[in-house]
Amino acid sequence: MDVLRTLGLRRTPQSERADPRQRRNAAGGYAFTLDDVARLRRFLVLGVDGGTYYAAPRELARANAEVVARMAVEDPETLVATIVEVSRSGAAPKQNPALFALALATAYGESAQLALAALPDVAQTGTHLFLFAAYVEQFRGWGRGLRRAVGGWYTAKEPDALAYQVVKYRQREGWSHRDLLRLAHPETAVPELKDTFDWIVRGSLGERTPRLVEGFVRAQQVGDASAWAALVREYGLSWEMLPDAALGEVAVWDALLDTGVPQTALLRQLPRLTRLGMLPDLGGRTDEVVVQLTDPARLRSARVHPVNVLVAQRTYASGRSARGDARWEPTRKVVDALDAAFYAAFGAVERSGKRTLLAVDVSGSMTQSISGLPITAREASAALALVQLATEPSATAVGFTTRAGSRSWREGVLAPLRISPRQRLDDALRVVDAMPYGGTDCALPMVHATEKQLEVDTFVVYTDNETWAGAVHPHQALAEYRRRSGIDAKLIVVGMTATEFSIADPSDPGMLDVVGFDASVPSLITEFACGL
Numbered sequence: 001m002d003v004l005r006t007l008g009l010r011r012t013p014q015s016e017r018a019d020p021r022q023r024r025n026a027a028g029g030y031a032f033t034l035d036d037v038a039r040l041r042r043f044l045v046l047g048v049d050g051g052t053y054y055a056a057p058r059e060l061a062r063a064n065a066e067v068v069a070r071m072a073v074e075d076p077e078t079l080v081a082t083i084v085e086v087s088r089s090g091a092a093p094k095q096n097p098a099l100f101a102l103a104l105a106t107a108y109g110e111s112a113q114l115a116l117a118a119l120p121d122v123a124q125t126g127t128h129l130f131l132f133a134a135y136v137e138q139f140r141g142w143g144r145g146l147r148r149a150v151g152g153w154y155t156a157k158e159p160d161a162l163a164y165q166v167v168k169y170r171q172r173e174g175w176s177h178r179d180l181l182r183l184a185h186p187e188t189a190v191p192e193l194k195d196t197f198d199w200i201v202r203g204s205l206g207e208r209t210p211r212l213v214e215g216f217v218r219a220q221q222v223g224d225a226s227a228w229a230a231l232v233r234e235y236g237l238s239w240e241m242l243p244d245a246a247l248g249e250v251a252v253w254d255a256l257l258d259t260g261v262p263q264t265a266l267l268r269q270l271p272r273l274t275r276l277g278m279l280p281d282l283g284g285r286t287d288e289v290v291v292q293l294t295d296p297a298r299l300r301s302a303r304v305h306p307v308n309v310l311v312a313q314r315t316y317a318s319g320r321s322a323r324g325d326a327r328w329e330p331t332r333k334v335v336d337a338l339d340a341a342f343y344a345a346f347g348a349v350e351r352s353g354k355r356t357l358l359a360v361d362v363s364g365s366m367t368q369s370i371s372g373l374p375i376t377a378r379e380a381s382a383a384l385a386l387v388q389l390a391t392e393p394s395a396t397a398v399g400f401t402t403r404a405g406s407r408s409w410r411e412g413v414l415a416p417l418r419i420s421p422r423q424r425l426d427d428a429l430r431v432v433d434a435m436p437y438g439g440t441d442c443a444l445p446m447v448h449a450t451e452k453q454l455e456v457d458t459f460v461v462y463t464d465n466e467t468w469a470g471a472v473h474p475h476q477a478l479a480e481y482r483r484r485s486g487i488d489a490k491l492i493v494v495g496m497t498a499t500e501f502s503i504a505d506p507s508d509p510g511m512l513d514v515v516g517f518d519a520s521v522p523s524l525i526t527e528f529a530c531g532l
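Numbering (UniProt numbering), first residue to last: 1 to 532.
So, in structure tokens, the structure goes:
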């Protein structure tokens with residue numbers, strides 16, 4: 001054997017470095033690393049709850065916190081601007097990472113002032129403010145700047161808007177509005193705000209206390225369904241403003257639906273409404289609820305994140321809560337409406353018209369949950385692929401892994417992913433769940449297309465980037481496909497975990513790394529495929 005024949009620049013085993021810029025990933029393979037801005041966005045969108053297959057949650061959290069701290073010192077403007085953009089755009093299914101990053105940024109010099117000024121943009125609800133307060137105490141004390149920023153969160157709001165926040169989101173993480181007001185000591189010349197502050201701190205209603213606060217107080221003093229329902233209609237109370245006993249009454253929910261249940265709240269309350277018999281197959285409130293669930297304008301204005309619709313759909317269709325302590329018989333129309341709402345939550349996605357191969361990494365490392373939600377990375381990947389399949393007439397989907405039990409786990413397994421937007425979401429995701437687990441070889445889609453002489457304009461690979469098992473690196477496999485086919489194919493890598501790695505070569509203008517389950521991903525894929 002001529003050992004020199006084993007070396008080259010076109011084919012390198014993934015267990016070896018193919019490029020000086022690559023680093024060893026957690027699985028033992030080599031991949032490119034992201035810059036801090038790209039890593040920050042992954043963290044803000046995907047979070048670290050549940051960790052990854054290879055990293056414990058705290059280990060992953062520490063690695064991402066180091067990125068935030070480094071940017072707070074070296075590039076505070078970009079750090080805070082990215083936090084605000086991700087938060088306000090609704091790109092992430094949870095606000096916790098953005099609030100954590102903002103709190104950490106307040107502990108570093110120049111970034112502190114920028115972060116505190118951005119507090120109202122990121123802490124958009126009372127719950128967000130409580131989470132921020134809990135996080136910020138992990139990094140600093142309550143100096144004048146922090147007290148002023150928190151006080152400003154209260155005084156900048158219109159009286160009715162503040163009343164809504166303080167009676168809907170009353171306490172969390174060991175904090176209440178009373179605690180924060182006593183720390184911040186906000187000053188205002190607005191009589192309605194003064195009376196609201198006085199009620200929060202002392203419990204006394206004044207002449208100018210907003211009506212919503214009056215309605216909330218009255219709701220705690222009555223004890224029958226008709227009285228609660230009347231107060232909902234008179235004051236516009238939401239379900240969070242009512243005593244627990246009221247939430248088991250059909251009359252109360254009739255009143256809430258009549259006055260309008262916000263889109264996110266409606267998603268969460270579907271099981272309760274079904275158990276109460278309000279969403280039957282025929283009649284009841286089913287048809288109007290279905291219309292609201294599938295209304296694209298409502299989904300956009302409420303900034304409902306697609307992953308939250310997906311979780312709601314899977315939970316509702318299962319007929320039982322995650323803890324198993326509540327059960328219901330799903331209503332077919334509601335399940336169908338949640339399917340439609342998932343696609344609608346992405347907004348209008350233009351088709352690229354390109355020949356597209358959607359490749360879902362179904363390896364063992366993709367069985368980890370995303371953001372601590374009851375959905376795995378590979379299920380989320382398949383759901384994203386469904387959106388592209390619904391958009392692109394020339395798209396096909398495959399799943400890939402390496403065969404467990406084979407020599408060194410390096411025998412590639414790539415098979416058609418028999419899913420379709422015409423299926424119900426939970427049925428389509430069961431197809432993915434049934435596929436075999438194995439090792440990760442992210443070069444397989446390009447290798448497969450080369451061997452089968454497929455005509456592909458755009459490869460879209462959904463993965464955690466922990467590739468290690470292949471005989472050639474993904475970027476080398478793409479280069480080989482381009483040479484053999486004569487097609488200047490592009491590669492879009494959809495990262496599904498908040499790690500620092502990517503299989504995309506950052507110096508190749510035909511490769512792009514995006515963050516999985518950012519609601520803008522389908523549109524980004526279309527734009528990049530079209531060269532925009």
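Built from N, CA and C at the ideal position, the CB exists for glycine as well.
- Bounds of the alpha helix (DSSP H) holding Gly109 are Gly109 to Ala117.
- Residue burial annotation: Glu379 is buried, with at least 16 other C-beta atoms found within 10 angstroms of its C-beta.
- Take Val232, set aside five residues on each side of it, and the residues of its chain with a beta-carbon closer than 7 Å to its own are Val252, Ala255, Leu256 and Thr259, in chain order.
- The shortest CA-to-CA distance from Tyr437 to any of Arg62, Leu242, Ala163 and Thr376 is the one to Thr376.
- The criterion of a C-beta distance shorter than 8 Å is satisfied by Ala337 and Leu293.
- Assignment of Ser226 by DSSP, reduced to helix, strand and coil, places it in the helix class.
- DSSP places Arg140 outside both helix and strand once states are collapsed to three, so it counts as coil.
- As DSSP reads the structure, Thr331 sits in no beta bridge.
- Out of Pro159, Tyr164, Asp339 and Ala105, the CA that lies nearest to the CA of Leu146 is found in Ala105.
- Where Pro97 is concerned, the enclosing alpha helix (DSSP H) starts and stops at Asn96 to Ala105.
- Residue ranges of uninterrupted beta strand (DSSP E) with 3 or more members, entirely inside the stretch 363-432 and ordered along the chain, are 395-403 and 412-416.
- When the alpha-carbon of Thr497 is set against those of Ala382, Arg42 and Ser352, the nearest one is in Arg42.
- Judged by pairs of C-beta atoms under 8 Å, the stretch 452-472 touches the stretch 364-376, as three or more such pairs exist.
- Distances from the alpha-carbon of Leu478 to those of Val456, Val494, Gly495 and Ala469 put Val456 closest.
- Between Ser352 and Ala529, the CB-CB gap stays under 8 Å.
- Around Ala156, the same chain offers Pro120 as residues with beta carbons nearer than 7 Å, after the five sequence neighbours per side are excluded.
- When C-alpha distances from Tyr54 are compared across Asp513, Gln476, Asp508 and Trp468, the shortest belongs to Trp468.
- By the Cβ-count criterion, Thr209 is buried, with 16 or more other Cβ atoms from all chains shown falling within 10 Å of its own Cβ.
- Here Leu386 really is in contact with Ile419; their C-beta atoms are around 6 Å apart, less than 8 Å.
- When beta bridges are read from the DSSP output, Asp361 appears opposite Phe400.
- For Thr188, the CB contacts under 7 Å within the same chain, skipping 5 residues up- and downstream, are Thr155 and Lys194 in chain order.
- Contact check for Gly236 against Leu212 passes: the beta carbons are separated by less than 8 Å.
- In this structure, Arg424 places its C-beta atom within 8 Å of the C-beta atom of Asp339.
- Judged by beta-carbon spacing, Pro522 lies beyond the 8 Å limit of Thr315, meaning their Cβ atoms are not closer than that value.
- Under the 8 Å Cβ criterion, the stretch 343-350 does not count as touching the stretch 17-24, having fewer than three qualifying pairs.
- Shown here for Ala317: same chain residues with a beta carbon closer than 6 Å to its own, the five before and five after excluded, namely Pro330, Val335 and Asp426 in chain order.
- In the DSSP secondary-structure assignment, Thr458 is bridged to Thr356 and Lys490.
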